[in-house]
Amino acid sequence: MPSLLGVFAHPDDESLLAGGVLAQHAAAHAPTAVVTMTWAATSPRAAELADALAVLGAGTPRLLGYGDARNPASAPDGTVRLVDAPLDEAVGRLVAHIRDVRPDIIVGHDALGQLTGHRDHRRAHQITLLAVEAAGLPHLYPDTGEPWQPAALYAATHSQAGVGRLGPLLQGVGKTLLAVPDAYVTATVDVSPWAAVKWEAILAHRSEAARERPLPGLLARLPEAERDEIIRTEFFTRLNPGPAPGAPHQLVA
1 MPSLLGVFAH
11 PDDESLLAGG
21 VLAQHAAAHA
31 PTAVVTMTWA
41 ATSPRAAELA
51 DALAVLGAGT
61 PRLLGYGDAR
71 NPASAPDGTV
81 RLVDAPLDEA
91 VGRLVAHIRD
101 VRPDIIVGHD
111 ALGQLTGHRD
121 HRRAHQITLL
131 AVEAAGLPHL
141 YPDTGEPWQP
151 AALYAATHSQ
161 AGVGRLGPLL
171 QGVGKTLLAV
181 PDAYVTATVD
191 VSPWAAVKWE
201 AILAHRSEAA
211 RERPLPGLLA
221 RLPEAERDEI
231 IRTEFFTRLN
241 PGPAPGAPHQ
251 LVA
């Protein structure tokens with residue numbers, strides 16, 4: 001199994017969107033890690049994140065420390081929100097983590113912002129795209145470590161056909177539902193063998209599981225069979241940072 005780095009906006013995104021593949025790679029003794037862009041290390045959700053990552057086998061939290069666009073409590077020291085952070089600064093912070101972890105694969109958010117279109121998710125997607133390319137270029141951010149080019153970048157996503165029970169669940173609490181065309185999904189991963197670990201990691205985000213509208217809370221109130229149907233499959237789109245294999249002398253579609 002290749003080494004894996006998850007890059008997500010909030011604590012709990014890693015467990016909800018890629019908890020299965022993180023647990024899968026960790027179980028195969030592949031190095032795994034997670035960078036979380038919002039919530040300060042001094043906030044309660046940072047401790048919950050640490051518990052979730054321990055369950056998944058994904059190391060200790062790597063926090064960029066920016067504020068959540070919707071929650072001032074995420075940055076008690078007054079740090080700027082992720083959506084307001086200087087782009088060059090945020091990219092440089094993520095490049096430092098990529099060069100430190102040196103992963104084969106990076107998994108992050110999709111361009112839509114994961115079903116509900118959260119502004120932080122979309123910003124995290126933009127920052128990740130830039131950082132994955134920059135991490136391999138020695139003249140960019142030279143003070144953040146030796147260059148490292150991941151072999152692949154995947155965006156965690158949901159296709160129109162793959163939304164399933166998530167659709168009515170989110171719409172039932174008034175949330176927007178954004179899904180990508182089915183052809184946009186390039187990898188559909190059955191994580192059933194790691195579903196129990198994934199669910200334990202989701203529940204580690206106790207403050208979210210206790211609330212009614214966040215997805216952990218919605219899932220916690222479902223019958224077990226319905227919940228397992230939702231969490232046992234993960235969807236991804238490959239956004240490869242390198243050249244297309246087998247076609248070094250021309251552009252290929």
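The working numbering numbers the first residue of the sequence shown as 1 and each following residue consecutively.
Every residue gets a Cβ at the ideal spot worked out from N, C-alpha and C, and that includes glycine.
Which value, in whole angstroms, describes the spacing of the CA atoms of residue i and residue j?
i: residue 159; j: residue 174; result: 20 Å
i: residue 36; j: residue 108; result: 10 Å
i: residue 50; j: residue 112; result: 27 Å
i: residue 66; j: residue 126; result: 15 Å
i: residue 91; j: residue 34; result: 16 Å
i: residue 204; j: residue 230; result: 18 Å
i: residue 56; j: residue 217; result: 19 Å
i: residue 156; j: residue 77; result: 31 Å
i: residue 28; j: residue 2; result: 9 Å
i: residue 215; j: residue 227; result: 11 Å
i: residue 220; j: residue 54; result: 20 Å
i: residue 137; j: residue 52; result: 33 Å
i: residue 170; j: residue 115; result: 9 Å
i: residue 18; j: residue 6; result: 8 Å
i: residue 224; j: residue 8; result: 26 Å
i: residue 26; j: residue 197; result: 11 Å
i: residue 206; j: residue 129; result: 30 Å
i: residue 72; j: residue 110; result: 24 Å
i: residue 212; j: residue 139; result: 47 Å
i: residue 86; j: residue 70; result: 18 Å
Applying the 10 Å Cβ sphere with the 16-neighbour rule, what's the burial state of residue i?
i: residue 122; result: buried
i: residue 97; result: buried
i: residue 74; result: buried
i: residue 176; result: exposed
i: residue 42; result: exposed
i: residue 143; result: exposed
i: residue 103; result: buried
i: residue 172; result: exposed
i: residue 178; result: buried
i: residue 82; result: buried
i: residue 153; result: buried
i: residue 208; result: buried
i: residue 187; result: exposed
i: residue 10; result: buried
i: residue 88; result: exposed
i: residue 48; result: buried
i: residue 45; result: buried
i: residue 165; result: exposed
i: residue 210; result: exposed
Contact defined as beta carbons within less than 8 Å: I believe residue i pairs with residue j. What is the distance between those atoms, to the nearest angstrom?
i: residue 201; j: residue 15; result: 4 Å
i: residue 32; j: residue 4; result: 5 Å
i: residue 59; j: residue 189; result: Rounded, the Cβ-Cβ distance is 21 Å, inconsistent with contact.
i: residue 135; j: residue 148; result: 5 Å
i: residue 141; j: residue 180; result: That belief does not hold up - the Cβ atoms of residue 141 and residue 180 are roughly 31 Å apart, past 8 Å.
i: residue 99; j: residue 146; result: 6 Å
Nearest to residue i by CA position, among the options, is which residue?
i: residue 62; options: 213, 20 and 38; result: 38
i: residue 237; options: 172, 105 and 69; result: 105
i: residue 118; options: 13, 233, 6 and 228; result: 13
i: residue 234; options: 130, 151, 40 and 193; result: 193
i: residue 182; options: 219, 115, 72 and 162; result: 162
i: residue 151; options: 239, 227 and 8; result: 239
i: residue 120; options: 139, 133, 129 and 84; result: 84
i: residue 68; options: 185, 180 and 124; result: 124
i: residue 79; options: 133, 198, 101 and 40; result: 40
i: residue 232; options: 110, 191 and 206; result: 191
i: residue 30; options: 206, 101 and 72; result: 101
i: residue 222; options: 168, 185 and 23; result: 168
Comparing the C-beta of residue i with each C-beta of chain D, is any distance below 8 Å?
i: residue 221; result: In summary, chain D is missing from the structure at hand, where a single protein chain is found.
At which residue ranges does the stretch 79-104 contain complete alpha helix (DSSP H) runs of 4 or more residues, listed in the order of the chain? 87-101
At what residue ranges does the stretch 133-193 contain a whole run of the beta strand (DSSP E), taking only runs of 3 or more? 152-157 and 187-190
Which runs of the beta strand (DSSP E) at least 3 residues long sit entirely within the stretch 5-61? Give them in chain order. 32-38
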